[in-house]
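Report on one structure; see the data block that follows.
Residue numbers (our numbering): 40 to 157.
Following this line, the structure appears as structure tokens:
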């Protein structure tokens, strides 16, 4: 049985990512930068996905280009080591969760983006 998050609207969770970052003095632009780095969406593409209220499955399945450096994302989020998550879609979601956690913890953008650019 598929996890409930797969059919959850990405647009319904996105404000939670932004709120988490803003509570720690970070910005919506930084959240968007992380999402664009991970998925390859440009600003208009991300806005389109949010407006269409696509679910997580669709959001990641239609991403223009998943960043190859995402395999460098390591660590624990929600008590789970992201690099050990077997299910591909759940691993992508956990990668995003981990990047947002790093942002909220004050990590520098260059480190969050694994030394890469958007």
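Glycine residues also receive a C-beta, built at the ideal position from the N, C-alpha and C atoms.
Paired residues, beta bridge with residue 48 - DSSP:
Translated into positions along the chain shown, residue 48 becomes position 9. In DSSP, residue 48 forms a bridge with 94.
Does the stretch 133-145 come within contact of the stretch 53-63, defined as at least 3 CB pairs closer than 8 Å?
yes
Closest Cα partner of residue 103 within the set 87, 79 and 55:
Here residue 103 is taken as the residue at index 64 of the chain shown, counted from 1. When only C-alpha atoms are compared, the closest one is 79.
Can you give me the Cβ contacts of residue 98 inside the same chain, cut-off strictly under 7 Å, excluding the 5 residues immediately before and after it?
For the purposes of this step, residue 98 is taken as residue 59 along the chain shown, with counting starting at 1. Counting only Cβ-Cβ distances below 7 Å, and skipping sequence neighbours, we find 49 and 88.
Where residue 113 and residue 91 are concerned, what is the direct C-alpha to C-alpha distance, given to the nearest angstrom?
Sequence index remark: in the chain shown, residue 113 carries index 74 (1-based). Sequence index remark: in the chain shown, residue 91 carries index 52 (1-based). If you take the alpha carbons of residue 113 and residue 91, they lie about 31 Å apart.
Under 8 Å between C-beta atoms of residue 121 and residue 146:
Position 82 of the chain shown holds residue 121. Position 107 of the chain shown holds residue 146. Against a cut-off of 8 Å, the Cβ pair of residue 146 and residue 121 comes out as no contact.
Hey, residue 128 and residue 45: beta-carbon distance below 8 Å or not?
By 1-based counting over the chain shown, the position of residue 128 is 89. By 1-based counting over the chain shown, the position of residue 45 is 6. In contact: residue 128 and residue 45 (Cβ atoms closer than 8 Å).
Just checking my contact of residue 135 with residue 85 at CB under 8 Å: how many whole Å lie between their CB atoms?
Taking the first residue of the chain shown as 1, we reach residue 135 at position 96. Taking the first residue of the chain shown as 1, we reach residue 85 at position 46. That pair is no contact at about 12 Å.
Which of helix, strand or coil DSSP assigns to residue 120
For this step, residue 120 is matched to residue 81 along the chain shown. Correct three-state label for residue 120: strand.
Taking DSSP's pairing of strands, which residues face residue 115 in a bridge?
As a position in the chain shown, residue 115 is number 76, starting the count at 1. According to DSSP, residue 115 bridges with 120.
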